[in-house]
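Since the structure comes first, as structure tokens, the remarks are kept for the end.
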Amino acid sequence: MVQEKIQQNFKARESELQTLMKALEFHKKFHSLVSPSGATDLPTVVISSFFSFDDAIASVSQLKENLDVCYRQQFETISSEAPLGQSDLPTITVNSVHTYEGVKESVSQMRTILEKHCKDEIKKISRQGKQ
């Protein structure tokens, strides 16, 4: 009888420990970023540790492809509608080699900075949780 009570007590404490561990993991993953001191009007931003820029990079790549297709279609439409042999029309020179390297570089830099900031915040939270 005493041993059964001890086992029940042990199971209850183990269950409580699991609940606390889950809560701790949740707080580590979804803790709001700390606002700079004195900034009270800034919105709260929640960052998941599973967040990555893979979707954003894929979306930007898809957008680039869509813009390229749209550009080509519009250029062909305008070119086919222009009457040939009329010298009074202005000449338009279009560079079809348009790159988004600057955008890719900026997104990459933002990703690096954000990942570092999130790791630093998680370390701070871990230290605060251990105290």
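The numbers in the sequence shown follow the numbering used here, run straight up by one, and end at 249.
Where is the CB? At the ideal position from N, CA and C, for every residue including glycine.
Please report the residue range of the alpha helix (DSSP H) in which residue i lies.
i, result
"threonine 230", "219-248"
Using the Cα positions of residue i and residue j, report the straight-line distance between them to the nearest angstrom.
i, j, result
"alanine 130", "lysine 123", "10 angstroms"
"lysine 241", "glutamate 223", "27 angstroms"
"isoleucine 196", "glutamate 183", "20 angstroms"
"threonine 230", "isoleucine 243", "20 angstroms"
"leucine 181", "glutamine 126", "59 angstroms"
"leucine 135", "arginine 245", "19 angstroms"
"methionine 119", "threonine 137", "27 angstroms"
"aspartate 172", "glutamate 233", "13 angstroms"
"glycine 247", "aspartate 238", "14 angstroms"
"tyrosine 218", "valine 225", "11 angstroms"
"valine 178", "histidine 235", "23 angstroms"
"isoleucine 175", "serine 198", "35 angstroms"
"glutamine 227", "methionine 139", "34 angstroms"
"threonine 209", "valine 187", "22 angstroms"
"valine 221", "phenylalanine 128", "56 angstroms"
"serine 133", "leucine 185", "55 angstroms"
"leucine 151", "glutamine 121", "In this prediction, leucine 151 scores a pLDDT of 44, lower than 50, which makes its location untrustworthy; no coordinate-derived value is stated."
### Query
Quick check: the region 177-191 against the region 138-147, are there 3 or more CB pairs under 8 angstroms?
no
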